[in-house]
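Residues are numbered in my numbering as their position in the sequence shown, beginning at 1, plus a constant of 418. Here is the structure we will look at.
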Amino acid sequence: MNVLDRHIFVSVLATCAAAGGLFSFIVALPNAARELLGPLLTEQISFETFARLVGLLFPFAISYALPMGILTGVLLTLGRLSADSEITAMRACGISVPRIARPVFLLAALCTAAAFYVNFESMPWARVQYHKEFAAAIRANPLRIIVPKTFIRDFSGCVLYVGEKEGPVLRDIWLWELDDQLRVRRLIRAEGGRLDYDEATNSLVPTLVQMKIEERDAANPEDFSKSPRAPSIGRAEEVRISLDRYFGRDLERMKDDWLTYDQLRAKQALLAAAPPPPPERSKEHARERMKVDLIVQEKFNLSLAVFSFALVGVPLGIKVSRRETSANLGLALVLVLGYYLVTVVVKWLDRHPEYRPDLLLWVPNILFIALGVWLFSRIDRK
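So, in structure tokens, the structure goes:
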């Protein structure tokens with residue numbers, strides 16, 4: 419690698435790293451704010467735990483940010499070199515566009531290999547570890563979930579309000595139990611009580627005193643023409659608040675896209691070796707197999723997209739010849755959005771395995787590679 423190659427390689431690498439870091443932050447920020455900011459502010463998790471969990475979100479963010487970062491970096495760097503006439507000077511010295519692009523493709527190949535590792539190993543491990551550590555942090559003191567003078571809507575099937583809290587002792591308790599359509603089917607009001615954690619059922623068990631219950635019609639709880647039953651009860655232990663929103667009792671039901679490559683291949687082999695299902699379950703079985711195949715093919719395509727985007731970015735960056743960061747960034751976003759839009763549309767076909775959406779997932783990459791080759795053939799003739 420000569421001085422020119424090192425100059426282009428380092429320039430593109432620095433810009434890609436900055437763009438990839440920016441996109442990773444943008445992807446990770448909503449997840450951190452939605453899942454971790456609330457527990458941090460209510461002291462359910464410490465700042466150290468918060469920082470570690472945010473770090474575990476980044477492999478997931480990088481898996482999507484890496485293709486965007488490489489395309490943005492190539493467009494910005496080559497656009498600047500072209501606008502400064504550096505590309506023109508190189509070509510005047512007899513250096514072809516493919517030769518100029520050689521260090522870019524070397525970087526793209528290295529980033530593609532890194533993307534394969536992130537998508538098939540690092541990201542699945544980080545997602546599982548994230549949920550394990552988040553569950554452990556909440557399980558260490560599950561009563562911290564209860565924040566006084568706050569409507570807590572994170573529980574499945576109920577809303578809880580507590581006026582005061584001193585350790586496990588609560589005062590002024592309101593509990594709305596909801597049906598499947600999130601309609602209030604029962605209202606429980608208590609002057610006081612306490613909460614205990616039942617690890618066996620992974621739930622909070624309230625012991626309420628001076629309790630009043632308002633039960634509504636189960637078929638139509640919003641029919642207020644019927645007077646609700648409102649018995650008054652001194653003490654009862656009949657309500658359980660599930661904490662599955664925060665953590666499950668195990669991770670055996672983890673999502674398929676959290677599986678590593680070896681685990682995905684093992685699941686594919688298991689589904690392929692399964693005996694033929696009954697006719698009424700054949701469609702469901704085919705869809706389950708297609709779901710796993712789609713995950714594998716999506717990870718392959720997302721990794722290959724790093725190289726495909728670089729292939730398109732080189733001739734576009736040279737041809738557009740813009741120094742403006744906003745223009746090149748906008749062009750990169752348009753291309754990336756087009757790629758992901760086609761990918762999402764194909765994934766919607768998972769309910770129709772007969773259309774082979776696992777093979778159709780290759781269409782965006784094929785289109786980008788064909789576009790890159792066509793652009794190269796045009797620009798190298800000029």
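For every residue, glycine included, the Cβ atom is placed at its ideal position computed from N, Cα and C.
- Look at the beta carbons and you see the segment 513-526 not touching the segment 465-478: under three pairs across the two are nearer than 8 Å.
- Your pair Q547 and L431 does not check out as a contact, with CB atoms roughly 29 Å apart and the cut at 8 Å.
- W780 sits in coil when the DSSP states are folded into three classes, being neither helix nor strand.
- By the Cβ rule, the segment 534-552 does not count as touching the segment 600-608, because fewer than three pairs are nearer than 8 Å.
- Between the alpha carbons of R705 and I784 lies a gap of roughly 25 Å.
- The straight-line gap separating the alpha-carbon atoms of I564 and T619 is approximately 18 Å.
- Here the alpha carbons of V515 and F794 stand approximately 8 Å from one another.
- Its chain contains L484, P485, I488, A526, C529, T530, A533 as the residues whose beta carbon lies nearer than 7 Å to that of V724, once the 5 sequence neighbours on both sides are disregarded; these appear in chain order.
- One thing to note: F718 has its Cβ no nearer than 9 Å to the Cβ of Y757.
- In the pairwise beta carbon analysis, the segment 420-435 is classified as touching the segment 490-501: at least three pairs are separated by under 8 Å.
- Looking at L471, F443, P624, the one whose alpha-carbon comes closest to that of E453 is L471.
- Note on geometry: alpha-carbon atoms of A558 and F478 lie some 26 Å from one another.
- Counting only the Cα atoms, I480 lies some 11 Å from A435.
- C576 is bridged by DSSP to E595.
- Per DSSP, A608 is one residue of the beta strand (DSSP E) stretching across 602-616.
- Of the candidates P696, G575, S660, R601, the residue whose Cα lies closest to the Cα of D614 is S660.
- The C-alpha of D776 is placed about 7 Å away from the C-alpha of M708.
- Burial is judged here by how many other beta carbons sit within 10 angstroms of a residue's own beta carbon; V762 has fewer than 16 and is exposed.
- By the 16-neighbour rule on beta-carbons within 10 angstroms, G748 is exposed.
- Setting aside the 5 residues that flank it on each side, R658 is surrounded in the same chain by D616, T619, S621, L622, V623, each with a C-beta closer than 8 Å to its C-beta; the list follows chain order.
- When secondary structure is reduced to three states using DSSP, E772 falls in the helix class.
- P521 sits in a helix when the DSSP states are folded into three classes.
- R774 is classed as exposed because its beta carbon has fewer than 16 other beta carbons within 10 Å across all chains shown.
- Scanning the segment 546-571 for uninterrupted beta strand (DSSP E) segments of 3 residues or longer gives nothing; none is fully contained.
- Excluding sequence positions up to five before and after G491, its CB lies within less than 7 Å of the CB of V430, T433, C434, A437, all in the same chain and listed in chain order.
- By the Cβ-count criterion, K583 is buried, with 16 or more other Cβ atoms from all chains shown falling within 10 Å of its own Cβ.
- Judged by their CB atoms, L778 and V764 are nearer to each other than the 9 Å cut-off.
- Within the DSSP bridge table, the entry for P624 names L613 as partners.
- Under the DSSP definition of a beta bridge, L588 partners with K583, G611.
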